[in-house]
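A.B. asks: I'd like to ask you about the structure that follows.
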Amino acid sequence: MSLLDRIDAVKQAAMSELAAAAELPALERAKGAFLGAEGQLTLLLKELGTLAREERPVAGKALNAAKQEVELLLAQRRSDLELKASLPKEPTDFSLPGRRRPLGRLHPLTLVTQDIIRAFRRLGFVVADGPEIEDEYHCFDALNTPADHPARDTQDTFFVDAPGRPLLRTHTSSVQIRVMRQLPPPIRIIVPGRVYRRDNADATHNPTFHQIEGLYVDRGVTVGDLKGTVEAVFRELLGADVKLRFRPHYFSYTEPSLEIDFTNSLVRKLGKDWLEIAGCGMVHPKVFENVGYDPEVWTGWAFGFGIERIAMLRYGITDIRLFYENDVRFLRQF
Ligand code: DAH
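Below, the structure is given as structure tokens:
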């Protein structure tokens with residue numbers, strides 16, 4: 000076989016070995032076999048020296064061309080096999096949980112409710128619950144609210160079109176009645192829950208919102224206990240610079256009745272001196288009679304306030320509707 004034929008044969012062999020190498024080590028072995036110090040192409044190069052002077056240029060050119068082709072294929076195969084080696088051996092399971100899964104957040108109203116509950120629990124209160132679809136007895140009659148009270152008007156209250164004239168409770172005070180009719184005194188409860196009123200939606204009103212009711216019944220309970228308890232809780236919720244003011248008011252289920260105004264640096268920043276925040280008072284003897292407690296023995300106080308209002312104060316929110324829109328740009332901030 001002439002040298003030119005052998006060059007061609009060695010080149011073909013090199014090309015097919017490089018193409019067949021399935022892993023990087025096999026590729027490197029093939030490289031050594033043809034281009035290494037003792038490789039077949041290298042040996043052919045050494046053979047050039049033994050040729051007659053006039054035969055060398057043609058053979059040299061052919062050998063160089065063969066070597067270049069082999070080196071080009073080697074570089075290509077190397078980059079292919081390196082890429083292959085860097086890919087995972089097992090198929091990827093994209094349904095596996097990631098390392099940092101976003102877990103979501105609690106709604107600001109939930110956060111505030113939890114804080115209020117925590118503060119009252121520390122004082123020995125327990126959480127009570129009641130139905131949102133109520134009847135007139137628990138929502139009004141038993142709370143000493145007369146039949147001609149405006150809250151009993153369809154203008155103010157959502158009535159359900161069903162036998163017995165059920166309604167959507169207008170306040171959590173209905174749960175006071177349910178608990179007292181079920182349990183003997185002493186009582187120390189708070190009741191977080193949703194209430195409904197025929198308010199038109201605007202920046203500070205919504206047809207449904209949330210309240211927290213408090214009820215404390217025992218022997219010898221005083222207005223002083225009420226003020227002390229409410230003050231301690233509000234300080235904890237909204238900061239030590241909180242000031243409360245108790246104003247005389249009227250509720251049919253308390254006597255005396257008071258409204259609680261609130262102020263702190265946030266309220267003043269809103270350009271207001273005081274903000275009305277809760278209703279409260281000493282439980283009316285008629286209410287005790289209605290639930291079968293002896294008003295000569297038992298005394299108590301009760302209060303009710305809106306959770307939204309406290310959350311708005313705490314977070315500087317000026318539009319109540321943000322709580323219900325569930326816009327993640329809003330919710331992500333808490
Ligand atoms: N139920 C009242 C309201 O919705 C708030 C309230 C006032 C609750 C006085 C009470 C209370 O328990 O004693 O506006």
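Residue numbers for the sequence shown follow numbering that gives the first Met the number 0, beginning at 0 and rising by one. Cβ atoms here follow ideal geometry from the backbone N, Cα and C, with glycine treated the same way. Since the model is a prediction, treat every value here as computed from it, not as a measurement.
Is it the case that the CB of E212 approaches a heavy atom of the ligand DAH more closely than 7 Å?
C.D. replies: yes
A.B. asks: Quick check on the DSSP output: the alpha helix (DSSP H) that includes N269 runs from which residue to which?
C.D. replies: Looking at the sequence itself, residue 269 is Leu, so the reference to Asn does not match. Run containing L269: none; DSSP gives neither H nor E here.
A.B. asks: With respect to the alpha helix (DSSP H) encompassing Q39, which residues constitute its N-terminal and C-terminal limits?
C.D. replies: Q39 to L47
A.B. asks: Let me check understanding here. Comparing Cα to Cα, which of A19, M311 and R28 lies closest to H204?
C.D. replies: Ranking A19, M311 and R28 by Cα distance to H204 puts M311 first.
A.B. asks: Around the Cβ of P107, are there at least 16 other Cβ atoms within 10 angstroms (buried) or fewer (exposed)?
C.D. replies: Label assigned to P107: buried.
A.B. asks: Run the proximity test for T253: is its beta-carbon closer than 7 Å to any non-hydrogen atom belonging to the ligand DAH?
C.D. replies: yes
A.B. asks: Which whole-angstrom value describes the C-beta separation of F261 and F302, a residue pair presumed to lie in contact below a C-beta threshold of 8 Å?
C.D. replies: With a beta-carbon spacing of about 13 Å, F261 and F302 fall beyond the 8 Å limit used to define contacts.
A.B. asks: Answer yes if the stretch 185-198 comes into contact with the stretch 124-139, meaning at least three C-beta pairs across the two stretches below 8 Å, and no otherwise.
C.D. replies: yes
A.B. asks: For A65, which residues in the same chain have their Cβ closer than 6 Å to its Cβ, ignoring the five residues on either side in sequence?
C.D. replies: I6 and K10
A.B. asks: Could you check whether the Cβ of C279 sits closer than 7 Å to any heavy atom belonging to the ligand DAH?
C.D. replies: yes
A.B. asks: Going by the C-beta, is G303 closer than 7 Å to any heavy atom of the ligand DAH?
C.D. replies: yes
A.B. asks: Going straight from the alpha carbon of D152 to that of T207, what length do you get?
C.D. replies: 17 Å
A.B. asks: Below 7 Å, is the gap between the Cβ of S94 and the nearest heavy atom of the ligand DAH?
C.D. replies: no
A.B. asks: Suppose contacts are defined by Cβ-Cβ distances below 8 Å. Is L43 in contact with L34 by that definition?
C.D. replies: no
A.B. asks: Less than 8 Å separating the beta-carbons of Q210 and F304?
C.D. replies: If you check the CB distance, Q210 and F304 come in under 8 Å.
A.B. asks: Is DSSP giving G291 helix, strand or coil here?
C.D. replies: coil
A.B. asks: On the three-state DSSP scale, how would you describe D198?
C.D. replies: coil
A.B. asks: May I ask you to check if the CB of F139 is nearer than 7 Å to at least one heavy atom of the ligand DAH?
C.D. replies: Checking the Cβ of F139 against the ligand DAH gives no.
A.B. asks: If you draw a straight line from the alpha carbon of T144 to that of Y252, how long is it in whole angstroms?
C.D. replies: 7 Å
A.B. asks: Under 7 Å Cβ to Cβ from R308, same chain only, skipping five residues before and after it: list those, please.
C.D. replies: I276
A.B. asks: Is the closest heavy atom of the ligand DAH to the C-beta of H148 under 7 Å?
C.D. replies: Shortest gap from the CB of H148 to any heavy atom of the ligand DAH: 7 Å or more.
A.B. asks: Let me know if F158 comes out buried or exposed under the rule of 16 or more other beta-carbons within 10 Å of its beta-carbon.
C.D. replies: exposed
A.B. asks: Could you give the residue range of the alpha helix (DSSP H) that holds G59?
C.D. replies: R55 to S85
A.B. asks: Hey, how far is the Cα of D217 from the Cα of P96?
C.D. replies: The alpha-carbon atoms of D217 and P96 are separated by roughly 53 Å.
A.B. asks: Going along the chain, which residues of its own chain have a beta-carbon closer than 6 Å to the beta-carbon of H148, five neighbours each way excluded?
C.D. replies: none
A.B. asks: What are the residues that DSSP puts in a beta bridge with E133?
C.D. replies: L166
A.B. asks: Does D217 come out as helix, strand or coil in the three-state DSSP assignment?
C.D. replies: strand
A.B. asks: Which residues in the same chain have their Cβ closer than 6 Å to the Cβ of D155, if we skip the five residues on either side of it in sequence?
C.D. replies: P149 and R197
A.B. asks: Tell me which residue opens and which closes the beta strand (DSSP E) that E27 is part of.
C.D. replies: Not the beta strand (DSSP E): E27 falls in the alpha helix (DSSP H), residues L23 to L34.
A.B. asks: Is there contact here, the stretch 16-31 with the stretch 45-55, by at least three beta-carbon pairs under 8 Å?
C.D. replies: no
A.B. asks: Using alpha carbons as the reference points, say which of F329, Q181 and Q175 lies closest to W300.
C.D. replies: Q175
A.B. asks: Out of W273, L122 and L142, which has the shortest C-alpha to C-alpha gap to D224?
C.D. replies: L122
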